[in-house]
Ligand code: ADP
Ligand code: GLC
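Residue numbers (the numbering used here): 1 to 516.
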């Protein structure tokens with residue numbers, strides 16, 4: 001930021017009543033309290049994770065605190081969460097909540113930072129075997145409306161005028177459908193706090209039968225089209241999008257794409273109507289946890305100044321997964337939830353050809369049973385050339401990012417995507433479908449971008465196996481040119497994907513919200 005812009009920024013912030021300027025180079029003004037943000041989420045790394053939402057919830061609040069914001073997390077006390085927290089203490093006891101019985105709120109610091117976290121202790125809802133949303137057999141819990149209704153209700157209750165806590169947020173920052181009812185409840189309860197609804201993935205909307213309205217003690221008069229109703233059902237996400245003061249999503253391109261079919265997924269009308277209060281902010285990544293220079297999961301670390309360690313990582317990955325050990329064989333990696341969204345079927349469609357063309361493939365993921373089976377069968381057909389690990393393995397995810405030559409991410413849609421940023425940082429140029437955050441974070445290796453030293457990966461249009469195959473050909477040609485390939489790797493490794501710039505954009509957004 002230029003000096004003038006910085007000064008103007010400070011003046012702007014200073015003129016806001018009652019808030020300390022963030023990132024200020026001026027001495028802190030003790031009389032002005034920092035802006036307070038309650039970040040409500042259903043998962044946060046390292047406490048509980050099923051996908052990118054946890055990575056974001058685990059990192060963004062800390063980055064906001066570094067910017068001078070008093071940001072605190074709120075999430076359910078699943079069993080793993082309680083085990084990971086150091087001495088959580090009771091800070092609130094609520095007897096006779098409208099629909100959820102007795103609830104306790106515990107407070108602690110996040111295990112790897114000083115970010116305060118409030119966890120909702122309601123064992124009847126959260127003390128379950130299985131994941132945060134599904135049982136061990138992969139079925140949604142039948143009472144998810146109540147489980148995440150409670151999360152939403154409590155988030156609103158803590159932000160409302162009548163909050164029972166000595167700390168009331170200025171901003172209630174909600175994430176995905178699990179917190180979608182919070183902006184609605186906040187509106188019904190009343191209060192000064194403003195609500196932000198962040199869409200991480202519009203494919204999941206939290207739709208439940210109309211009878212849920214009474215079950216959650218929601219005001220029935222708001223159950224209509226201009227409110228929480230969606231084709232006769234209750235939609236958590238629609239409620240959030242309807243009642244929030246602002247909406248944002250995790251990349252500018254996805255913010256545009258969801259204004260239309262098909263990616264609007266039925267909500268394009270509402271999103272278009274609320275276009276003026278919507279925006280997109282690309283996620284950052286945790287550059288401490290995802291750092292090839294100091295990654296404890298790797299057999300050898302490396303940096304953009306010396307990539308020798310990356311060859312060791314490749315060799316170790318080939319060895320560990322019983323692939324032929326060959327430094328020059330192009331090794332493709334994929335780490336993903338195995339769902340339609342991620343375009344895994346496109347990879348499956350070209351995999352036999354890829355192997356015939358001399359490539360190796362490593363896949364790590366879990367999800368839909370048919371895709372898991374297909375991935376497993378593919379590996380069985382190509383011993384020594386394709387390796388598949390079905391499951392969730394954080395260490396292996398890091399080793400694939402480091403050991404592969406090229407990272408595959410042909411997602412049909414991708415609100416932001418994190419792996420393509422991790423892979424650039426690990427010197428593993430990603431190959432991505434040009435959609436959403438993938439388009440916004442990968443610079444395609446066009447002749448021009450290569451000549452300018454800007455290219456960091458491969459972007460293809462059209463979600464077809466043919467388009468992917470043609471891009472693999474493009475990649476193989478570049479891979480054969482050692483010098484050009486090295487420049488591509490280094491350009492990606494030197495990009496700044498840290499949270500700093502995204503956090504700054506969130507702070508600006510919060511300020512705009514407060515100013516109304
Ligand atoms: P999404 O949230 O849609 O799944 P993202 O790219 O935003 O996609 O984030 C996915 C996160 O989950 C990344 O940190 C990725 O490494 C991780 N991940 C996904 N599947 C696995 C797996 N099977 N094992 C380990 N990590 C995984
Ligand atoms: C969702 C999206 C993914 C995004 C993540 C974090 O899971 O599918 O694209 O990166 O949320 O915002």
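Cβ coordinates follow ideal geometry from the N, Cα and C atoms, glycine included. Quick caveat: nothing in here was measured; it's all calculated off a predicted structure.
- Per the Cβ contact rule, the segment 233 to 251 is in contact with the segment 185 to 197 (3 or more Cβ pairs under 8 Å).
- Set against 8 Å, the gap from the CB of residue 440 to the closest heavy atom of the ligand GLC is not smaller.
- Within the model, the alpha-carbon separation for residue 143 versus residue 55 is close to 26 Å.
- Measuring C-alpha to C-alpha distances from residue 417 to each of 440, 400 and 469 identifies 440 as the nearest.
- In the three-state reduction of the DSSP assignment, residue 513 falls in the helix class, which pools H, G and I.
- Straight-line spacing of the CA atoms in residue 461 and residue 387 works out to 27 Å.
- The criterion of a C-beta distance shorter than 9 Å is not satisfied by residue 40 and residue 202.
- For the pair of segments examined, the segment 356 to 363 was found not to touch the segment 444 to 457: the number of CB pairs separated by less than 8 Å stays below three.
- Cα atoms of residue 422 and residue 95: separation of roughly 45 Å, rounded to the nearest angstrom.
- Distance check between residue 468 and each of 412, 493, 450 and 436 places 412 closest, using alpha-carbon atoms only.
- By the CB criterion at 9 Å, residue 103 and residue 150 fall inside the cutoff.
- With fewer than three CB-CB distances shorter than 8 Å, the segment 363 to 375 does not count as touching the segment 268 to 284.
- Of all alpha-carbon atoms in 163, 58, 325 and 210, the one lying nearest the alpha-carbon of residue 225 is that of 210.
- Annotation: the continuous alpha helix (DSSP H) that includes residue 242 extends over 236 to 243.
- The nearest non-hydrogen atom of the ligand GLC is 8 Å or more from the C-beta of residue 248.
- Close CB contacts of residue 135 within its chain, under the 8 Å cut and outside five residues either way in sequence, are with 128, 129 and 141 (chain order).
- Taking a C-beta distance under 9 Å as the contact criterion, residue 117 and residue 82 do not qualify as a contact pair.
- Residue 365 places its beta carbon 9 Å or farther from that of residue 402.
- The count of Cβ pairs closer than 8 Å, one atom from the segment 181 to 188 and one from the segment 154 to 164, reaches three, so the stretches are in contact.
- Residue 80 and residue 484 have their C-alpha atoms some 46 Å from each other.
- The alpha-carbon of residue 474 is positioned some 41 Å away from that of residue 139.
- In terms of Cβ geometry, residue 399 and residue 317 form a close pair [threshold 9 Å].
- One Cα belongs to residue 216, the other to residue 257, and the distance between them is close to 33 Å.
- In this structure, residue 241 and residue 274 form a Cβ contact; the two beta carbons are roughly 7 Å apart against a cut-off of 8 Å.
- Shown here, residue 51 sits in coil according to DSSP, grouped into three states, outside any helix or strand.
- Taken atom to atom, the span from the alpha-carbon of residue 105 to that of residue 75 is near 10 Å.
- Residue 48 and residue 296 have their C-alpha atoms roughly 20 Å apart.
- For residue 498, the pairing in a beta bridge is given by DSSP as 285.
- With respect to the 9 Å criterion, residue 334 and residue 314 are not classified as neighbours on the basis of their beta carbons.
- DSSP links residue 230 through a beta bridge to 233.
- Here residue 166 is exposed, its C-beta having fewer than 16 other C-beta atoms within 10 Å.
- Taking the Cβ of residue 262 as the reference point, every heavy atom of the ligand GLC lies at 8 Å or farther away.
- Residues with their Cβ less than 7 Å from any non-hydrogen atom of the ligand GLC, running along the chain, are 51, 52, 53, 55, 56, 200, 201, 250, 283, 341, 414, 415, 416, 417, 418, 436 and 437.
- Taking all protein chains shown into account, residue 125 has 16 or more neighbouring C-beta atoms within 10 Å of its C-beta and is therefore buried.
- Using a 10 angstroms sphere on the CB of residue 311, the tally of other CB atoms stays under 16, which defines it as exposed.
- A direct Cα-to-Cα measurement between residue 355 and residue 431 gives close to 17 Å.
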